[in-house]
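Encoded as structure tokens, the structure appears first; notes follow it.
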Amino acid sequence: MNTDFWMPVSLSLQIAGISTVIVLIIGLLLAKLLAKRQFRGKVILETALLLPLVLPPTVIGFLLIIIFGNNSFLGMIIDSVFRQQVMFTPLAAVIASTVVAFPLMYQSAKTGFELVDSGVEDAARVDGADEWKVFLFVTLPLSFRAILTGSILSFARALGEFGATLMFAGNIPGKTQTASTAIYVAFDSGNMEMAWLLVGAMIAISFFMILCTAFLK
């Protein structure tokens with residue numbers, strides 16, 4: 001029972017952690033590029049970036065299969081280069097969690113960057129700092145709380161991902177079975193003790209994550 005409990009919980013934490021690092025990097029870069037710029041088509045682009053937030057998980061899972069599936073162009077390239085398919089692997093679970101968690105990180109970082117006083121950034125430029133130094137030493141520190149909040153929310157969202165992961169990564173015990181899919185299997189098989197243990201663990205972790213964001217306000 002210990003293995004049946006700890007393996008999916010541990011895998012979920014690992015996947016959520018990796019996904020959070022990925023969305024943090026990509027989210028910060030895109031938020032930096034788009035936060036204070038206005039151009040034609042920006043609304044459409046940002047709508048597309050935020051779309052995973054409202055799309056049903058099954059739709060995301062379906063699209064990921066179409067893009068990375070064994071018969072897709074990208075999937076065949078990956079298979080030929082790395083001799084490894086993407087579907088039904090831990091990588092697939094990371095991709096699915098990254099996609100669903102990204103909008104939370106992007107929106108939080110973008111909001112934080114927009115609230116930074118442009119005068120402070122301009123003062124740093126006058127003192128000789130280039131754009132990346134302004135970003136690293138002025139914008140990021142002043143946006144720290146928003147970025148940390150986005151990271152915590154992204155982690156929590158990735159931790160709870162179910163639908164897209166089930167479709168794209170499957171439910172292979174010890175390989176791609178996360179806590180969310182393990183709860184489904186435990187309930188479906190009538191193993192209520194295991195289901196409650198996993199549910200309790202997920203509630204405790206998620207509660208702690210949300211509590212952390214409350215202290216950042």
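Heads up: the sequence shown at position 207 corresponds to 207 in UniProt numbering, and the numbers run straight through without jumps.
Glycine is no exception: its CB is placed at the ideal position from the N, C-alpha and C atoms.
Under the criterion of beta carbons closer than 8 Å, GLU131 and LYS36 do not qualify as touching, at roughly 12 Å.
Check the Cα spacing between ILE26 and each of TYR106, VAL43 and GLY128: the tightest is with TYR106. Exposed is the label assigned to GLY119, since fewer than 16 other Cβ atoms lie within 10 Å of its Cβ. Here ASN2 carries a helix assignment [DSSP, helix/strand/coil].
With a threshold of 16 other beta carbon atoms within 10 Å, GLN177 meets it and is buried. Under the three-state reduction of DSSP output, GLN14 falls in the helix class. Shown here, GLN177 sits in coil according to DSSP, grouped into three states, outside any helix or strand.
Your pair GLU121 and THR139 checks out as a contact, with CB atoms roughly 6 Å apart and the cut at 8 Å. Scanning its chain for C-beta atoms nearer than 6 Å, with the 5 sequence neighbours on each side dropped, one finds around ILE22 the residues THR98, in chain order. Around the beta-carbon of MET192, fewer than 16 other beta-carbon atoms lie within 10 Å, marking it exposed.
Assignment of PRO56 by DSSP, reduced to helix, strand and coil, places it in the coil class. Minimum Cα-Cα distance from GLY17 among the listed residues GLY190, LEU53, PRO52 and GLY160 corresponds to GLY160.
Under the Cβ criterion (8 Å, minimum of three pairs), the segment 50–65 counts as touching the segment 162–175.
Sequence-distant partners of SER72 (beyond 5 residues in either direction) whose C-beta falls short of 7 Å from its own C-beta, in its chain, are ILE66.
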